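Residue numbers (the numbering used here): 1 to 215.
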């Protein structure tokens with residue numbers, strides 16, 4: 001199958017790569033999900049990886065398949081998968097567990113490990129290929145009615161985490177009660193935060209004055 005990849009550490013090396021089509025048998029315990037890729041978002045992270053700002057290839061490869069904002073349709077599942085079935089629309093999460101306490105309790109995005117594993121970003125191939133396979137644990141089913149915007153789920157979760165952390169910080173302070181939020185940035189994250197959260201935040205009178213998101 002074809003995939004779009006870069007050679008980490010070398011600037012402007014985005015190219016078309018050839019890879020074998022994956023199989024559900026690659027995932028242990030019959031938990032594999034094979035997904036046909038329909039859409040992949042491209043953002044500043046992909047641009048930075050292509051300029052060799054960061055990113056590393058998976059073990060055994062000299063290239064990294066990019067793309068971490070995925071949307072696809074299930075083509076096959078292992079015998080122990082009950083969460084999704086062939087034909088379902090899905091999105092896959094990005095960060096994979098490490099060894100920190102945060103990874104062990106299922107909050108992989110909060111890892112304190114020096115080495116982290118993110119599909120399409122660091123040490124794990126991404127989704128800009130014809131197919132990918134992953135454990136059902138990392139697959140999120142998308143209702144058919146949301147298939148046109150399902151590819152935005154990953155950046156939306158970044159916004160959700162940012163807002164949740166801002167709420168938590170202010171909850172602990174207990175002495176500050178602002179009613180407005182300033183969204184910094186006009187990229188995907190900033191727009192999603194403004195369009196998707198500002199009316200909600202205004203209604204709830206949030207205890208957050210400003211928010212910063214990584215992209």
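From the three backbone atoms N, C-alpha and C, an ideal C-beta is built for every residue, glycine too.
Just so you know, these numbers come straight off a predicted model, no measurement behind them.
Residue ranges of uninterrupted beta strand (DSSP E) with 3 or more members, entirely inside the stretch 62-92 and ordered along the chain, are 69-77 and 89-92.
Cβ atoms of residue 113 and residue 98 come within 8 Å of each other, at about 4 Å. With a cut-off of 8 Å on Cβ pairs, the stretch 59-68 is not in contact with the stretch 99-106, counting fewer than three such pairs. The straight-line gap separating the alpha-carbon atoms of residue 49 and residue 192 is approximately 23 Å. Bounds of any alpha helix (DSSP H) do not take in residue 39; it lies within the beta strand (DSSP E) bounded by 32-41.
About 5 Å separates the CB atoms of residue 40 and residue 128; that is less than 8 Å, so the two are in contact. Here residue 111 really is in contact with residue 103; their C-beta atoms are around 5 Å apart, less than 8 Å. A distance below 6 Å between beta-carbons, with the five flanking residues on each side excluded, links residue 141 to the following residues of its chain, in chain order: 84, 88 and 90. Nearest in C-alpha terms to residue 36, of all of 156, 77 and 183, is 77. Between the stretch 143-163 and the stretch 113-122 there are fewer than three inter-stretch CB-CB distances shorter than 8 Å, so the stretches are not counted as touching.
Note on geometry: alpha-carbon atoms of residue 1 and residue 12 lie some 22 Å from one another. For residue 101, the uninterrupted alpha helix (DSSP H) run begins and ends at 101-104, by DSSP. Here residue 154 has 41, 68, 69, 70, 91, 93 and 94 as same chain residues with Cβ atoms under 8 Å from its own Cβ, once five neighbours each way along the sequence are excluded. Cβ-Cβ separation between residue 133 and residue 28: approximately 12 Å, too far for a contact (criterion under 8 Å). Going by beta carbons, residue 8 and residue 52 fall inside the 8 Å limit. A residue is called buried when at least 16 other Cβ atoms come within 10 angstroms of its Cβ; residue 139 meets this threshold and is buried.
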